[in-house]
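As structure tokens, the structure follows; a few thoughts come after it.
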Amino acid sequence: MEHRPTPRQIPVVVLAGFLGSGKTTLLNHLLHRSGGSRIGAIVNDFGAIEIDAMAVAGALGDSTVSLGNGCLCCAVDASELDVYLERLAAPGTGVDVIVIEASGLAEPQELVRMLLASEHPGIVYGGLVEVVDAAEFDDTRARHPEIDRHLALADLVVVNKLDRAAEGGERVLGLVRSLGGPGAAVVPATYGRIDPEFLFDCRPSEERLGQLSFDDLHDHQADGAHAGHLHTAYDSLSFTSGLPLDPRRLMAFLDSRPEGLYRIKGYVDLGPHDTGNRYAVHAVGRFLRFYPEPWGPGEERLTQLVLIGSGIDTAALRKELEACANDAPHADEHGMWGVLRYVQGLAEGPEEEYEA
Numbered sequence: 012m013e014h015r016p017t018p019r020q021i022p023v024v025v026l027a028g029f030l031g032s033g034k035t036t037l038l039n040h041l042l043h044r045s046g047g048s049r050i051g052a053i054v055n056d057f058g059a060i061e062i063d064a065m066a067v068a069g070a071l072g073d074s075t076v077s078l079g080n081g082c083l084c085c086a087v088d089a090s091e092l093d094v095y096l097e098r099l100a101a102p103g104t105g106v107d108v109i110v111i112e113a114s115g116l117a118e119p120q121e122l123v124r125m126l127l128a129s130e131h132p133g134i135v136y137g138g139l140v141e142v143v144d145a146a147e148f149d150d151t152r153a154r155h156p157e158i159d160r161h162l163a164l165a166d167l168v169v170v171n172k173l174d175r176a177a178e179g180g181e182r183v184l185g186l187v188r189s190l191g192g193p194g195a196a197v198v199p200a201t202y203g204r205i206d207p208e209f210l211f212d213c214r215p216s217e218e219r220l221g222q223l224s225f226d227d228l229h230d231h232q233a234d235g236a237h238a239g240h241l242h243t244a245y246d247s248l249s250f251t252s253g254l255p256l257d258p259r260r261l262m263a264f265l266d267s268r269p270e271g272l273y274r275i276k277g278y279v280d281l282g283p284h285d286t287g288n289r290y291a292v293h294a295v296g297r298f299l300r301f302y303p304e305p306w307g308p309g310e311e312r313l314t315q316l317v318l319i320g321s322g323i324d325t326a327a328l329r330k331e332l333e334a335c336a337n338d339a340p341h342a343d344e345h346g347m348w349g350v351l352r353y354v355q356g357l358a359e360g361p362e363e364e365y366e367a
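Going left to right, the sequence shown walks through residues 12 to 367 as our numbering numbers them.
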């Protein structure tokens with residue numbers, strides 16, 4: 012099988028939550044911990060700006076942000092979303108990830124729908140993050156019962172302000188977990204401090220190609236940068252295989268991925284099923300997509316995957332991935348059908364891609 016290389020796509024993350032839940036605080040935290048990645052943002056439904064993390068962190072949340080090259084103050088509506096995505100995803104911006112911070116009264120499902128329906132070749136949906144104020148959660152649900160629907164749609168729920176919640180917020184955490192969708196991860200936090208690795212690779216794209224380990228993440232934790240943060244209650248698994256993976260077995264694994272397994276990223280060698288390409292994998296919650304990329308001359312043919320989740324059994328997941336290995340010299344004639352459903356341009360539509 013031969014495929015043309017797929018251009019690098021910039022993940023677009025929707026950051027939602029009711030007024031006062033801590034979305035802007037979380038976004039500023041991500042900017043400070045971006046690890047050199049360049050973040051573009053569409054903020055508070057007012058302005059779309061390419062953001063240099065360290066230069067403007069703290070200014071987010073204003074309808075106007077002043078930069079050295081001028082000032083942008085624009086109202087964003089549905090018809091303009093693609094215009095701003097086009098601007099932020101332009102090759103010259105150097106943006107590695109785009110975050111849309113929705114207003115506190117926005118309907119996140121509509122933003123997700125627009126992103127999944129977008130035909131812009133330079134972006135890919137990066138997941139819905141719903142921020143919850145643990146201290147005000149009961150009152151918020153009483154005033155806005157639609158929050159239950161938002162939680163069911165979210166790929167990652169950040170239960171923020173746990174330091175202000177009664178009894179450490181355990182009751183709220185349990186309630187949020189019961190309301191979340193089957194593929195969602197629930198992460199506790201104070202002051203919006205979650206690890207950026209949940210959402211994007213903490214390296215500029217030109218430096219992180221092929222580098223899928225959590226060395227940087229562990230270094231950050233070791234030097235005390237994350238000491239005392241409640242978000243450390245998550246698990247990660249790095250998996251490498253010198254044997255090709257069988258596409259049928261791989262899809263069975265992906266279709267049955269457990270609750271709390273929030274993110275999968277990396278590259279897969281499918282051996283005789285496609286000798287010319289490796290397949291980049293991008294999974295966020297229930298969303299799944301593959302990107303065929305040509306092997307480089309003399310490049311070692313490995314499968315390299317990173318899995319991130321909350322409360323996942325990493326030992327069991329490793330065994331399941333090991334069981335996907337197959338060194339058979341010949342390809343199953345129809346073995347690639349499951350994978351090709353999630354290759355851009357071959358899938359039936361955005362809804363099917365999202366509900367993997």
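Every residue, glycine too, gets a C-beta built ideally from N, C-alpha and C.
So, under 8 Å CB-CB, residue i and residue j are touching, yes? Tell me the CB distance rounded to an integer number of Å.
i	j	result
glycine 320	alanine 153	Going by Cβ atoms, the distance from glycine 320 to alanine 153 rounds to 31 Å, so no, they are not a contact pair.
histidine 293	valine 108	Their Cβ separation, rounded to whole angstroms, is 12 Å, which puts histidine 293 and valine 108 out of contact at 8 Å.
glycine 138	valine 24	6 Å
histidine 131	glutamate 178	Rounded, the Cβ-Cβ distance is 46 Å, inconsistent with contact.
methionine 347	aspartate 266	Wrong, their Cβ atoms sit about 15 Å apart, outside the cutoff.
Spatial neighbours of residue i within its chain, please: CB distance less than 6 Å, with the 5 preceding and 5 following residues excluded, ordered by chain position.
i	result
serine 252	Thr314, Ala336
alanine 176	Ala145, Ala146, Val183
glycine 395	Not covered by the structure: residue 395. The range shown for the chain is 12 to 367.
leucine 368	Since the first residue of the chain shown is 12 and the last is 367, residue 368 is not available in this structure.
asparagine 80	Legend: pLDDT at asparagine 80 = 29, less than 50; position of this residue unreliable, no value from coordinates given.
valine 317	Leu223, Ser249, Lys276, Gly277
histidine 40	Gly203, Arg204
arginine 44	Pro207
Who are residue i's beta bridge partners in DSSP?
i	result
proline 305	Asn288
histidine 293	Lys276, Arg300
tyrosine 136	Val23
valine 142	Val169
serine 32	Per DSSP, none; premise fails for serine 32.
leucine 256	Ala336
phenylalanine 264	BP columns for phenylalanine 264 are empty, so no partner.
glutamine 120	Note: glutamine 120 sits in no beta bridge, so no partner.
phenylalanine 250	Leu316
alanine 196	Leu167
valine 354	Phe301
Measure the Cβ-Cβ separation of residue i and residue j and say whether it is below 8 Å.
i	j	result
leucine 173	alanine 145	yes
glycine 51	valine 94	no
proline 283	histidine 345	no
glycine 194	glutamate 270	yes
valine 123	leucine 92	no
leucine 256	valine 279	yes
proline 303	valine 354	yes
glycine 349	proline 258	yes
leucine 372	aspartate 338	An answer regarding residue 372 cannot be provided, because it is not within the stretch 12 to 367 covered by the chain.
proline 22	phenylalanine 301	no
alanine 334	arginine 260	yes
arginine 329	phenylalanine 264	no
serine 30	glycine 203	The amino acid at residue 30 is misidentified as serine; the sequence shows leucine. The answer is no: Cβ separation not under 8 Å.
histidine 161	proline 119	yes
isoleucine 323	leucine 281	no
Quick one: what's got a C-beta closer than 7 Å to residue i's C-beta in the same chain, skipping five residues either side?
i	result
lysine 34	Leu26, Gly28, Glu112, Val142
glutamine 20	Gly133, Ile134, Val135
tryptophan 325	The sequence given here has threonine at residue 325, not tryptophan. Asp246, Leu248, listed in sequence order.
asparagine 288	His14, Pro303, Glu304, Pro305, Trp306
valine 187	Val143, Leu162, Val168, Val170, Val197
Taking 8 Å as the limit between beta carbons, can you name the residues of its chain near residue i, skipping five residues before and five after?
i	result
aspartate 159	Arg152, Leu190
glutamate 369	Outside the displayed span of the chain (12 to 367) sits residue 369, for which this structure offers no information.
methionine 262	Gly349, Val350
threonine 104	Arg49, Gly51, Glu61, Arg98
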